[in-house]
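Residue numbers (my numbering): 1 to 383. Cβ atoms here follow ideal geometry from the backbone N, Cα and C, with glycine treated the same way. Data block below; observations after.
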Amino acid sequence: MADSKMKRNPVVSTSSPLDDFNTHRLEVEAAISRVLESGVYIDGKETEAFEVELAEYIGAKHVISVNSGTDALSLSLRALGIGIGDEVITVSHTALATVAAIVATGATPVVIDVDPSTMTMDVHQVLNAVGEHTKAIMPVHLYGHPADMVDLEKIASVHGIPIVEDCAQAIGAEISGRRVGTIGHLGCFSFYPTKNLGAMGDGGAITTNDDHVASRLRRIKQYGWDAERIGQEFGVNSRMDEIQAAILRTKLNRLDQMNRARQQIAETYLTTLADSAASLPVTLPAHTHVYHLFVVQHEQRDSIRTALRSRGIGAGIHYATPAHLHPGYRQNVRVAHSDPKTFGLPITEKLARTVLSIPVHPGLSTSASMIANDVKEIIDSIN
Ligand SMILES: Cc1ncc(COP(=O)(O)O)c(C=O)c1O
């Protein structure tokens, strides 16, 4: 298509699980058949092998597969003994699941603001939020860029508070060669179909080097059973099924290649939009960004989004409502104020009005420069 203004049909969207399936079709179909023919659909060799392979990829001693990223987060907190009366410091500029997982344990999420350029936890605000009930800190590696773990590790170790990393959007991202999921006490991953490593259903995993926490997690993810199937504590059913594990194993083989494709598309956007009026995503030195989402910031976000839509480009908003402002969560979430005169979380609330996600999934590699030109033209004309 030579004319970049020509309307694309169907609309390009921020994610495409179908493109992902087509890229991996033969391996995925073979993996599904292998499981179907094995007659073992839960708790079999595929899940066991996936846990070993993912542990090797991330560089963690243990991987515990679970049913979703949300379960990974809430079970991690439970395995640390966190529940009613406790507090967990996190951000409000995140998927609602982060905060929902904390609420599910009975603990209170205490939310702090984010850094305006990385859009991840402003770790210097942690000090304003730590109190006698703080039992964990949950940074979110949002959009595929790691949160500021270097400073956070220092603060957490001074206060003796464990870090539970929300890695749902950042599998494969690194800080100085350390993969996310190995820096905190526990790392939590989601394999929701649109994620960089996506299942064809729900799935999640927890990484840790702590033997005690790992065995507790294995117990509470399955009714609280011990090896003799005696319920030693209250647990849930959060097993990954064999079909998802087999699919994830085949896709894990190509995860780095897929992340590189995302980085190349992002490079095209960064180059084309370098002089535009939008704020572009940053990658801190010694960090890698795996671009689960390519998120720009602009005051006229809604007009840009409408104009993009008319050219067949579906841009998304992650996230239009900060977690602490969702009606069903207001009473469960506490906002930590660094400055008593400031009400709310100013950066978080500004981002809710200005962020726009431009499609960056590997399936659109060939149209990246056309999309980049369209985005640039629209932003320029709006300015
Ligand atoms: C940052 C973040 N945390 C947690 C989750 C929850 O993952 P899941 O949808 O697998 O429960 C998601 C995904 O939606 C996410 O993006």
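Euclidean distance between Cα positions of A107 and L26: 44 angstroms
Other residues of its chain near T321: CB distance less than 7 angstroms, five sequence neighbours each side excluded: A352
Burial state of K385, where buried means 16 or more other Cβ atoms lie within 10 Å: Outside the shown range of the chain (1 to 383) lies residue 385, about which nothing can therefore be said.
Exposed unless 16 or more other CB atoms sit within 10 angstroms - verdict on Y291: buried
Whole-angstrom C-beta distance between L356 and I304, which should lie under 8 angstroms: 6 angstroms
Where K61 falls, given that 16 or more other Cβ within 10 Å makes a residue buried: Classification of K61: exposed, given that the 10 Å Cβ count is below 16.
E51 versus I64 - alpha carbon distance: Rounded to whole angstroms, E51 to I64 spans 7 angstroms at the Cα level.
First and last residue of the uninterrupted beta strand (DSSP E) at H62: 62 to 66
Three-state secondary structure assigned by DSSP to S303: helix
Supposed contact pair G59 and C188 - C-beta distance, whole angstroms, cut 8 angstroms: Not confirmed; about 16 angstroms, so no contact.
Among H93, S369, V213, nearest to G344 - alpha-carbon criterion: Out of H93, S369, V213, the CA that lies nearest to the CA of G344 is found in H93.
Residues that DSSP places opposite Q169 in a beta bridge: Answer is none; Q169 lacks a bridge partner.
Counted within 10 angstroms of its Cβ, other Cβ atoms place S16 as buried (16 or more) or exposed: buried
CA nearest to the CA of T105, picked from D115, A72, F294, H124: In this structure, A72 is the residue among D115, A72, F294, H124 with its C-alpha nearest to the C-alpha of T105.
I382 (DSSP reduced to helix, strand or coil): helix
Best match in P281, N196, E267 for proximity to R254 [C-alpha to C-alpha]: N196
Inter-residue Cα distance where the pair is M121 and Q297: Each residue's alpha carbon lies about 17 angstroms from the other.
C-beta atoms of T354 and R309 nearer than 9 angstroms: no
Through-space distance from V40 to G99, alpha-carbon basis: In the sequence as displayed, the identity of residue 99 is Val instead of Gly. Approximately 35 angstroms, taken between the alpha carbons.
Rounded separation between E53 and V360 - CA only: 26 angstroms
Through-space distance from I175 to T288, alpha-carbon basis: 7 angstroms
Nearest-angstrom Cα separation, counted from E242 out to V45: Before going further, note that residue 45 is Lys rather than Val in the sequence given. About 8 angstroms.
Outcome for N237 when other beta-carbon atoms lying within 10 angstroms are tallied against a minimum of 16: exposed
A95 burial status per 10 Å Cβ neighbour count (16 or more: buried): buried
Three-way DSSP call (helix, strand, coil) for G316 in this model: strand
C-alpha distance - A97 paired with D115, whole-angstrom precision: 20 angstroms
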